[in-house]
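Here the protein sequences come in this chain order: A and B. Residues in the first sequence are numbered consecutively from 1, following this note's numbering. Residues in the second sequence are numbered consecutively from 1001, following this note's numbering.
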Amino acid sequence: MDEPGAENGPLKILIADDSDSDRLILKTLLKGLGHDVLDAANGRDAVRLFQSGAPDIVMLDALMPAMDGMEAARQIKRLAGERMVPVIFVTSLTEAGDLAQCLEAGGDGFLSKPYNRLMIKAKISAFNRMRLLHQALSRQRDAMRERNRQLLEEQHVARRVFDNIAHTGCLDAANIRYHASPLSVFSGDVLFASPRPAGGMLVFAGDFTGHGLPAAIGAMPVAETFYGMAGKGFDGSDILREINQKLARILPKDMFCCGVMVEADFAFNQLRIWNGGLPDGWLVRSSTERYSLPSLHLPLGILGADQFKAEMDVVRTRPGDRLLLMTDGVLECSDAAGNLFGEEGVRLALENAGNEGHPFDALMRGIEQFTGQLNFGDDLTLFCLEMIDEAGLAVLPDALEPSSLAGPTEWTCEYEVRERTLGEFSPLPLLFHICMEVPGLRRKSGEIYTLLSELYNNALEHGVLELPSEWKYTQAGFDRYYEERTVRLGRVGGHYIRFRFHHKPVGPGGRLHVVCEDSGSGFDFRNHPALQSAAVAHSGPRYGGRGLVLLKRLAESVRYYGEGNRVEVVYEWCP
Amino acid sequence: MPIQTSRSHDGQTLIIRIEGRFDFSTHQAFRDAYEHGGTDVRGYIVDLAEATYLDSSALGMLLLLRDYAGGDNASIAIENCNKDVRKILTISNFEQLFTIR
Chain A
1 MDEPGAENGP LKILIADDSD SDRLILKTLL KGLGHDVLDA ANGRDAVRLF QSGAPDIVML
61 DALMPAMDGM EAARQIKRLA GERMVPVIFV TSLTEAGDLA QCLEAGGDGF LSKPYNRLMI
121 KAKISAFNRM RLLHQALSRQ RDAMRERNRQ LLEEQHVARR VFDNIAHTGC LDAANIRYHA
181 SPLSVFSGDV LFASPRPAGG MLVFAGDFTG HGLPAAIGAM PVAETFYGMA GKGFDGSDIL
241 REINQKLARI LPKDMFCCGV MVEADFAFNQ LRIWNGGLPD GWLVRSSTER YSLPSLHLPL
301 GILGADQFKA EMDVVRTRPG DRLLLMTDGV LECSDAAGNL FGEEGVRLAL ENAGNEGHPF
361 DALMRGIEQF TGQLNFGDDL TLFCLEMIDE AGLAVLPDAL EPSSLAGPTE WTCEYEVRER
421 TLGEFSPLPL LFHICMEVPG LRRKSGEIYT LLSELYNNAL EHGVLELPSE WKYTQAGFDR
481 YYEERTVRLG RVGGHYIRFR FHHKPVGPGG RLHVVCEDSG SGFDFRNHPA LQSAAVAHSG
541 PRYGGRGLVL LKRLAESVRY YGEGNRVEVV YEWCP
Chain B
1001 MPIQTSRSHD GQTLIIRIEG RFDFSTHQAF RDAYEHGGTD VRGYIVDLAE ATYLDSSALG
1061 MLLLLRDYAG GDNASIAIEN CNKDVRKILT ISNFEQLFTI R
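Below you can see the structure in the form of C-alpha cells.
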C-alpha cells in the first residue's frame, strides 16, 4: 500500500480548480505546508491524475468545465475502491442543497473560499487522521481475515487426520443410525464404533467440555485408544480405564469428557453400559416400553486411576430393541422463545413415535419441529443401535492392516495367572495378541478370540469362581450371576489359570494346540450333555451352557482331562 | 457484580455467591474470588441460590477450585441449586466430588 504513514509527514495532494489564480494560491499554500501537489484545471484531468499519481487526499472545486467536481468525486471514489481517499470540496457555494449534493457525490467535507492557511492545515491533518485510522483498520481486518483463513485451513487438514483415526470403525453398519452436527470444524462430540474380534460391537459416544481445537486434541488420544484396544479384544472397562487415565494426565484440570461406553453382544442379547456424564441413554422396546440408562459415573479425565470405577452394568435385551445415546446438545436445543427441548422433549418424541416408527427418526423429527430448523445449532450427537441377529450384519472389514513382516509359525508358550491377578487382570488381549502374530491367522481373529475367551471364562467363572451356569437361565439368576461374579472376583485366592500353546505350520495354514488348566474342582464332563451329542446345539438360545457347544463347533477336537479342570483344544486353520 | 465473596461467622469458610449465568464469562471473576480469598480459608461454599444456569465450563471451574483447595482433601459445598442446575450436577455425578446441599 502507498503510505506516508506518519501523521505529520508530507502527503501527496491532488487539487482541481478551473481558476488559475485560485489553484496557484492553494498549490503554494500546500507546498508551504510541506506537501507534494498534483494539479488539474478540470474534473477529467483530475480523474486521470488520480489514476496515475495515486494521491492521498483530493481537493476539488465543485464547478468546473469538462467534468464538474461532483462527477469527478464519484469516479475517484469508485476508482479508490476500498482505499480511503478523503475528497474535500473547495467551494464558494453556500446553499445547503448544493453542499448536500457534494456530499452525496462522495465528498467527505468542505473548505470554503477564500482560503485560510490555518483552516487548510487543520482540515488536512483531520482528514489525514481519518485516512490513517481507516488504513489501520483495513490492515487489521486483512490480517484477521488471513489469520482466519489459515486457521480454517489448518483445521481442515487436522480434521482429515482426525477423520482417518476416528472413522475407521463400523459406524456405517446396517444396525447403526447416527447424527453428528459439528458446531465448528471440530465439535466437542466424538462417536466411535468398532466390531469386536469375538463378535459384537463396542461403541463410545463422548462430549468434551468446549469445542474446536482443544476438544479435538483431547479426542485424538481417545480415538486412538478406543480403536487400538477394541481391535485387540480389550473390553469396555479396560478401555475406559485407559482413556480416563490418559485424559486425566493430558487435559487441563477444567477439561473433561462426558461419555458412554457400550458393549453390544448380539449373540447373547446383552448390553454392557457405562455412562459418565451424558444424558440418560434409552433402551427402547416399543413406544410404551423403554428403560433409561442414566449417568452413574463422573466424566472421564477427572478421577485418578485409583478412584476411577469402570464397571459396566449388564442390560438384557431382546432382538429388535434399540439403544439410543445422545449428547447434551439434544437436551439443549431451544425453540424461538428460548425454551429447552430437555428430557421432556425426548420423552414426548419417543412416546409419539408409535410402534411402527423408528425412535431415531422420531427424535430427529421432534427436534426439528421443536427448533423449527433443519440445521440444529449446537454440537449435537444422536446415536441409535439396533439389537439384531449378528448373521444379518454385513461382514465387517478387518480394520487392522496385516503386517508385512514374517511372523512366528512354530512356537510354544506357557502363561499362567495366579492369585489376586485373576481378579484384577484379563490375560485375554495378551494371549490373543500372541496368536495374532502368526502370519495369516489374523483372518481367523474372531474364531481365535472366541476360543480363547470361552476357555478363559469357563476356567475363571466355573472353575475358579464356581459359579453355576444354571443361574444364567433366568433373568433374576442372570443378574445374580454377575453380581456374585464381581463379589467372588474381589476375594479370589489360592487359584491359578494356566494356558499352554503350541502352534505349528500345516500346509498353507497351521494347527494350534491350546491347553487350559485351572485350579478349580472341575466338573462332570463325562455326563455333560454338550459333550455327549449335538442335540444341545439345537435346543434353542439359552443364557448359559453354550460355551462348550461353541468350542466344539470351532475346534477340531475338545477333550477334557483330570477332574474336568484341564481342557485341550486343537484348532486347525487354512488361510 | 455477578460474583460476591464473604466469610462465614467463624471466619474459616469462604462463601462465593454467583448470580445469573455461571459459565465461561465468569471464569476470571470466579478464579479471582477464591485466589484472593485469603490464605487462612479452611473450606468453601459455592452458593448458587441466584444462579440461573450452569454449563460444562462452570463444571470445569468447580474442578479448578477443587484442585486449588487441595484436590481430594478439599472441603467444598455447593448450596441452594435450583432444579436445572441440580440436574446438571447430578448427570455429571459431581456429588462424588462435592457436598451438594
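We treat Cβ as the ideally placed atom computed from N, Cα and C, and that holds for glycine.
Element boundaries [beta strand (DSSP E), containing residue i]
{"i": "residue 1051(B)", "result": "1051–1054"}
{"i": "residue 388(A)", "result": "Element bounds for residue 388(A): n/a, residue is neither H nor E."}
{"i": "residue 217(A)", "result": "No beta strand (DSSP E) contains residue 217(A), which is instead part of the alpha helix (DSSP H) from 213–231."}
{"i": "residue 1105(B)", "result": "Because chain B is modelled from 1001 through 1101, residue 1105(B) falls outside the range shown and cannot be assessed."}
{"i": "residue 195(A)", "result": "189–195"}
{"i": "residue 9(A)", "result": "Where residue 9(A) is concerned, there is no enclosing beta strand (DSSP E), given that its DSSP letter is neither H nor E."}
{"i": "residue 572(A)", "result": "566–573"}
Pairwise C-alpha distance: residue j and residue i
{"i": "residue 431(A)", "j": "residue 1022(B)", "result": "50 Å"}
{"i": "residue 471(A)", "j": "residue 1028(B)", "result": "57 Å"}
{"i": "residue 658(A)", "j": "residue 1054(B)", "result": "Given that chain A is displayed from residue 1 to residue 575, the structure contains no residue 658(A) and the question cannot be resolved."}
{"i": "residue 273(A)", "j": "residue 1011(B)", "result": "46 Å"}
{"i": "residue 220(A)", "j": "residue 163(A)", "result": "10 Å"}
{"i": "residue 557(A)", "j": "residue 516(A)", "result": "14 Å"}
{"i": "residue 352(A)", "j": "residue 345(A)", "result": "11 Å"}
{"i": "residue 118(A)", "j": "residue 143(A)", "result": "37 Å"}
{"i": "residue 70(A)", "j": "residue 92(A)", "result": "14 Å"}
{"i": "residue 126(A)", "j": "residue 34(A)", "result": "16 Å"}
{"i": "residue 379(A)", "j": "residue 329(A)", "result": "6 Å"}
{"i": "residue 577(A)", "j": "residue 428(A)", "result": "With chain A running from 1 to 575 in the structure shown, residue 577(A) is simply not present."}
{"i": "residue 1088(B)", "j": "residue 214(A)", "result": "22 Å"}
{"i": "residue 192(A)", "j": "residue 373(A)", "result": "27 Å"}
{"i": "residue 454(A)", "j": "residue 447(A)", "result": "10 Å"}
{"i": "residue 59(A)", "j": "residue 21(A)", "result": "15 Å"}
{"i": "residue 1008(B)", "j": "residue 1030(B)", "result": "18 Å"}
{"i": "residue 563(A)", "j": "residue 1060(B)", "result": "57 Å"}
{"i": "residue 462(A)", "j": "residue 520(A)", "result": "8 Å"}
{"i": "residue 1052(B)", "j": "residue 368(A)", "result": "26 Å"}
{"i": "residue 236(A)", "j": "residue 481(A)", "result": "19 Å"}
{"i": "residue 415(A)", "j": "residue 572(A)", "result": "21 Å"}
{"i": "residue 317(A)", "j": "residue 1050(B)", "result": "44 Å"}
{"i": "residue 577(A)", "j": "residue 483(A)", "result": "For residue 577(A) there is no data in the structure shown, the boundaries of chain A being 1 and 575."}
{"i": "residue 407(A)", "j": "residue 501(A)", "result": "16 Å"}
{"i": "residue 1039(B)", "j": "residue 188(A)", "result": "37 Å"}
{"i": "residue 488(A)", "j": "residue 304(A)", "result": "25 Å"}
{"i": "residue 137(A)", "j": "residue 366(A)", "result": "46 Å"}
{"i": "residue 233(A)", "j": "residue 1046(B)", "result": "44 Å"}
{"i": "residue 319(A)", "j": "residue 285(A)", "result": "9 Å"}
Residue range of the unbroken alpha helix (DSSP H) whose run includes residue i
{"i": "residue 500(A)", "result": "Per DSSP, residue 500(A) belongs to no alpha helix (DSSP H); it is in the beta strand (DSSP E), 496–506."}
{"i": "residue 1032(B)", "result": "1027–1035"}
{"i": "residue 451(A)", "result": "445–457"}
{"i": "residue 352(A)", "result": "342–352"}
{"i": "residue 83(A)", "result": "Here residue 83(A) belongs to no alpha helix (DSSP H), and DSSP marks it neither H nor E."}
Member of the options whose CA lies at the smallest distance from the CA of residue i
{"i": "residue 279(A)", "options": "205(A), 125(A), 365(A) and 558(A)", "result": "205(A)"}
{"i": "residue 122(A)", "options": "8(A), 80(A), 101(A) and 244(A)", "result": "8(A)"}
{"i": "residue 421(A)", "options": "103(A), 493(A), 354(A) and 187(A)", "result": "493(A)"}
{"i": "residue 67(A)", "options": "91(A), 41(A), 83(A) and 86(A)", "result": "41(A)"}
{"i": "residue 1081(B)", "options": "1094(B), 1048(B) and 1037(B)", "result": "1048(B)"}
{"i": "residue 37(A)", "options": "47(A), 16(A) and 48(A)", "result": "16(A)"}
{"i": "residue 259(A)", "options": "315(A), 120(A), 250(A) and 310(A)", "result": "310(A)"}
{"i": "residue 512(A)", "options": "444(A), 466(A), 468(A) and 524(A)", "result": "444(A)"}
{"i": "residue 315(A)", "options": "268(A), 338(A) and 456(A)", "result": "268(A)"}
{"i": "residue 115(A)", "options": "419(A), 27(A) and 174(A)", "result": "27(A)"}
Listed by chain order, chain B residues near residue i by CB distance under 9 Å
{"i": "residue 298(A)", "result": "1092, 1093, 1094, 1096 and 1097"}
{"i": "residue 279(A)", "result": "1091"}
{"i": "residue 295(A)", "result": "1090, 1091, 1092 and 1093"}
Residues that residue i contacts on chain A, provided the C-beta gap is smaller than 9 Å
{"i": "residue 1023(B)", "result": "The premise fails here: residue 1023(B) is roughly 11 Å from chain A at the closest Cβ pair, so nothing lies under 9 Å."}
{"i": "residue 1064(B)", "result": "252, 253 and 254"}
With 16 other Cβ atoms within 10 Å as the buried cut-off, status of residue i
{"i": "residue 148(A)", "result": "exposed"}
{"i": "residue 39(A)", "result": "buried"}
{"i": "residue 1066(B)", "result": "buried"}
{"i": "residue 75(A)", "result": "buried"}
{"i": "residue 413(A)", "result": "exposed"}
{"i": "residue 433(A)", "result": "exposed"}
{"i": "residue 386(A)", "result": "buried"}
Contacts of residue i in chain C (Cβ-Cβ under 9 Å)
{"i": "residue 1060(B)", "result": "Among the chains of the structure shown, chain C does not appear; the protein chains present are A and B."}
Contacts of residue i in chain B (Cβ-Cβ under 8 Å)
{"i": "residue 302(A)", "result": "1063 and 1097"}
Neighbouring residues, chain A, relative to residue i (Cβ below 8 Å)
{"i": "residue 1067(B)", "result": "253"}
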